[in-house]
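So the protein lines, in turn, are chains A and B.
By the working numbering, the letter at position 7 of the first sequence is numbered 7, and the numbering carries on one by one without gaps.
Going from the second sequence to the working numbering is simple: count from 1 and add 1000.
Quick reminder that beta carbons are idealized off the backbone N, C-alpha and C, glycines included.
The structure presented is a predicted model; accordingly, all values stated were derived computationally and were not measured.
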Amino acid sequence: MSIDTETARRVAKLARIEVAEADLPQLAGELSNILTFMEQLNEVDVEGVEPMTSVTPMRLKRRRDEVTDGGYPDKVLSNAPDAREGFYAVPKVVE
Amino acid sequence: MLDLAYTDPAPKRISGATGDWELVIGLEVHAQVASKAKLFSGASTRFGAEPNSNVAFVDAAMPGMLPVINEFCIEQAVRTGLGLKAAINLRSAFDRKNYFYPDLPQGYQISQLYHPLVGEGEVLVDMEPGVARRVRIERIHVEQDAGKSIHDMDPNMSFVDLNRTGVALMEIVSRPDIRGPEEAAAYVVKLRQIMRYLGTCDGNMQNGNLRADVNVSVCRPGDYERYQATGDHSVLGTRCEIKNMNSMRFIQQAIEYEARRQIAILEDDGSVDQETRLFDPDRGETRTMRSKEEAHDYRYFPCPDLLPLEIEQDWVDAIRDNLPELPDAKKARFVLEFGLSEYDASVLTADVESAAFFEQVAEGRDGKMAANWVINELFGRLKKDDLDITASPVSPAQIGGIVDLIGKGDISGKIAKGLFEIVYTEGGEPAQIVEARGMRQVTDTGAIEAAVDAVIAANPAQVEKAQANPKLAGWFVGQVMKATGGKANPKAVNEIVSARLGL
Chain A
1 MSIDTETARR VAKLARIEVA EADLPQLAGE LSNILTFMEQ LNEVDVEGVE PMTSVTPMRL
61 KRRRDEVTDG GYPDKVLSNA PDAREGFYAV PKVVE
Chain B
1001 MLDLAYTDPA PKRISGATGD WELVIGLEVH AQVASKAKLF SGASTRFGAE PNSNVAFVDA
1061 AMPGMLPVIN EFCIEQAVRT GLGLKAAINL RSAFDRKNYF YPDLPQGYQI SQLYHPLVGE
1121 GEVLVDMEPG VARRVRIERI HVEQDAGKSI HDMDPNMSFV DLNRTGVALM EIVSRPDIRG
1181 PEEAAAYVVK LRQIMRYLGT CDGNMQNGNL RADVNVSVCR PGDYERYQAT GDHSVLGTRC
1241 EIKNMNSMRF IQQAIEYEAR RQIAILEDDG SVDQETRLFD PDRGETRTMR SKEEAHDYRY
1301 FPCPDLLPLE IEQDWVDAIR DNLPELPDAK KARFVLEFGL SEYDASVLTA DVESAAFFEQ
1361 VAEGRDGKMA ANWVINELFG RLKKDDLDIT ASPVSPAQIG GIVDLIGKGD ISGKIAKGLF
1421 EIVYTEGGEP AQIVEARGMR QVTDTGAIEA AVDAVIAANP AQVEKAQANP KLAGWFVGQV
1481 MKATGGKANP KAVNEIVSAR LGL
């Protein structure tokens, strides 16, 4: 499967990554190469083989329904470029 | 389990310029799990906390933080599934739904696209006695809620509060089986009722704990039946999704508006675009959601931070064994056990507290009479004061006491209403109040006879009229009741008046 520059542009936009127009063809080529490799992997017959989700047999770890965290809004906001009155402040996004 | 028989309601029809149209509606209901902590972090879910105080580093998506699932939330989703007679998938998995929005710090929502926890189920949506729509549930999956953006605190900035970020939601997806605005609202009411019985979601729509995305399309009469016969969605119209509805009234308004909008387009030889729309309650209309115009590509993929969720059949069975009696079963039992009308049974089973209250009143008493008193007197009075059954100043024992006094003939129905008001406002034990205030009904025939004779003696003209026209005898009954302060037994008064007047 090959990725054209239009698709590359769209993927970049969806991922919110700024890509200069001049760089799009090269990026499209790299993405195509990755997908070609995936297609090659797809040739392996994995009929009846469970997808591996972990290298060791483990059960998903659970927590109990107890409040054990939070209560530190100052820390949460400390990296925010802008915070006011306990909120993150971001450029207006209105529907 | 007891079951009542139902027939399907008629689908809503809208007549257009080119003929009749029908509606096809499917809902995605987002129900917040009634848990103390969030789905993947130990932060609190408490509503109304200071902004960003119920936020753990996991919720704020700080680098290196990993989600750990709250087992209670899974249990509640399973309970909800079982309450909707749904299949439970012993193996499910979490996926990332990728999009950017300021109230979603991770840049993705952890959800379950490919392997939901709960599979197909169904819910019976009551419309009126004997009429109900069976709505199929396609799936229920567990996912994270997003945060909250506030747009009116500053002219140029939006303010973001992550307190709700990461709270567990159950997304309940229906099949397109709902055929009108009223049915859609009734469906949400029924889901809320079932979840409240189960205790899995408090259903508070004002706080956003229950919200619905509504999919609406229109078709011609007969098309839906073709869809049912073939399962082919293409015979139905193109649908639009109205996002984030949090009131029953708005759901109905939005569907009504949206159906008429689509009909207008189709009758003008246009075509409906599949899109996401927002309902504007002030203008009573839906409009395109700008941010979603660019076709959303969520690029779902399995969440690499979470292993598949494997649960055991024994655990599911234990949850099933501990389910409470659910609304349909309770209603059917009230009809069969207490001889109530389906309508009264519906009113009494609307919530668990009312049903429990009624059962305490009805215990060892006449069910219909108990229902009458609880519904007409108590609920009516509570409504007047805008009180919930849990805040009732009158206990089941007190209402039961009043019912007993009527049953024994100690007080008439009319006196009982006055007694109820005293018990409601002042409290006290009904039988003691009746004794202390001399409210006991006069059943002593001698006393009533004397009262009747006095009225007859004082009104010879009325006696003549009544003898000519027996319907006027009621006037004498009224006078005697008045003379005895309402305490005379009305049945006895009737009989004696008739006898004395020779009717």
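Pick out whichever of the options has its Cα sitting closest to the Cα of residue i.
i, options, result
"V1352 (chain B)", "B:G1199, B:E1435, B:P1308, B:I1422", "B:G1199"
"G1446 (chain B)", "B:R1261, B:I1496, B:A1431", "B:I1496"
"Q1144 (chain B)", "B:V1135, B:M1205, B:T1349, B:I1074", "B:I1074"
"V1123 (chain B)", "B:M1170, B:G1107, B:Q1193, B:D1386", "B:Q1193"
"I1311 (chain B)", "A:R62, A:K75, A:N79, A:R84", "A:R62"
"C1201 (chain B)", "B:K1414, B:G1284, B:T1080, B:D1223", "B:T1080"
"D1453 (chain B)", "B:E1421, B:G1130, B:F1420, B:N1494", "B:N1494"
"A1461 (chain B)", "B:F1476, B:I1014, B:V1434", "B:F1476"
"G1042 (chain B)", "B:A1332, B:A1450, B:G1166", "B:G1166"
"E1429 (chain B)", "B:V1394, B:D1344, B:A1450, B:M1157", "B:V1394"
"S54 (chain A)", "B:D1305, B:I1422, B:G1401", "B:D1305"
If I'm right that residue i touches residue j with Cβ under 8 angstroms, what's the distance once you round it to whole angstroms?
i, j, result
"G1119 (chain B)", "A1168 (chain B)", "Not quite, the Cβ-Cβ distance comes to about 19 angstroms (not below 8 angstroms), so this is no contact."
"A1185 (chain B)", "I1251 (chain B)", "5 angstroms"
"T1286 (chain B)", "R1261 (chain B)", "7 angstroms"
"G71 (chain A)", "N1052 (chain B)", "The Cβ separation is near 10 angstroms, so there is no contact."
"F941 (chain B)", "A1356 (chain B)", "Coverage of chain B is limited to positions 1001 through 1503, which leaves residue 941 (chain B) absent and any answer about it impossible."
"A1031 (chain B)", "M1170 (chain B)", "5 angstroms"
"D1020 (chain B)", "P1221 (chain B)", "5 angstroms"
Considering only their Cβ atoms, is the gap separating residue j from residue i smaller than 8 angstroms?
i, j, result
"R1211 (chain B)", "N1244 (chain B)", "yes"
"A1077 (chain B)", "V1142 (chain B)", "yes"
"L102 (chain A)", "L1309 (chain B)", "For residue 102 (chain A) there is no data in the structure shown, the boundaries of chain A being 1 and 95."
"L1191 (chain B)", "V1033 (chain B)", "no"
"Y1298 (chain B)", "A1132 (chain B)", "no"
"S1217 (chain B)", "R1239 (chain B)", "yes"
"P1181 (chain B)", "E1256 (chain B)", "yes"
"K1036 (chain B)", "E30 (chain A)", "no"
"P1531 (chain B)", "T1349 (chain B)", "Outside the displayed range of chain B (1001 to 1503) lies residue 1531 (chain B), so it cannot be described from this structure."
"V1505 (chain B)", "P1067 (chain B)", "Outside the displayed span of chain B (1001 to 1503) sits residue 1505 (chain B), for which this structure offers no information."
"I1025 (chain B)", "N1207 (chain B)", "no"
"I1178 (chain B)", "V1135 (chain B)", "yes"
"L1104 (chain B)", "I1319 (chain B)", "no"
"P1129 (chain B)", "E1342 (chain B)", "yes"
"F1301 (chain B)", "I1242 (chain B)", "no"
"R84 (chain A)", "F1072 (chain B)", "no"
"I1551 (chain B)", "Q1441 (chain B)", "Since the first residue of chain B shown is 1001 and the last is 1503, residue 1551 (chain B) is not available in this structure."
From the beta carbon of residue i, is the nearest beta carbon of chain A less than 8 angstroms away?
i, result
"P1281 (chain B)", "no"
"P1585 (chain B)", "What the structure shows of chain B is the stretch from 1001 to 1503, and residue 1585 (chain B) is not part of that stretch, so it cannot be assessed."
"A1037 (chain B)", "yes"
"N1376 (chain B)", "no"
"N1156 (chain B)", "yes"
"A1060 (chain B)", "yes"
"M1001 (chain B)", "Because the pLDDT of M1001 (chain B) is 44, which lies under 50, any placement of that residue in the model is unreliable, and the number read from its coordinates should be weighed accordingly. Judged by the 8 angstroms Cβ criterion, M1001 (chain B) is not in contact with chain A."
Name the chain A residues that come within less than 9 angstroms of residue i, Cβ to Cβ?
i, result
"M1170 (chain B)", "The contacting residues do not exist; M1170 (chain B) stays about 15 angstroms from chain A at best."
"I1069 (chain B)", "L60, K61, R62, R63"
Just the chain B side, please: which residues come within less than 7 angstroms of residue i by C-beta, in chain order?
i, result
"D69 (chain A)", "S1041, G1042, A1043, A1056"
"T53 (chain A)", "L1307, P1308"
Taking residue i as the query, report the chain B residues whose CB atoms sit under 8 angstroms from its CB, ordered along the chain.
i, result
"F87 (chain A)", "P1051, N1052, I1150, M1153, F1159, V1160, D1161"
"V108 (chain A)", "Since the first and last residues shown for chain A are 1 and 95, residue 108 (chain A) lies out of range."
So which residues of chain A does residue i contact, with C-beta pairs closer than 7 angstroms?
i, result
"L1547 (chain B)", "Only positions 1001 to 1503 of chain B appear in this structure, which leaves residue 1547 (chain B) out of reach."
"L1306 (chain B)", "L60"
Starting from residue i, find everything on chain A with Cβ-Cβ shorter than 8 angstroms and list it in chain order.
i, result
"R1299 (chain B)", "L14"
"F1072 (chain B)", "R64, D65"
Is the shortest distance between the beta-carbon of residue i and the beta-carbons of chain B less than 8 angstroms?
i, result
"P73 (chain A)", "yes"
"P91 (chain A)", "yes"
"R9 (chain A)", "no"
"V19 (chain A)", "no"
Run through chain B and tell me which residues come within less than 9 angstroms of residue i, C-beta to C-beta.
i, result
"V76 (chain A)", "N1052, S1053, V1055, A1056, F1057, D1059, A1060, M1062, L1162"
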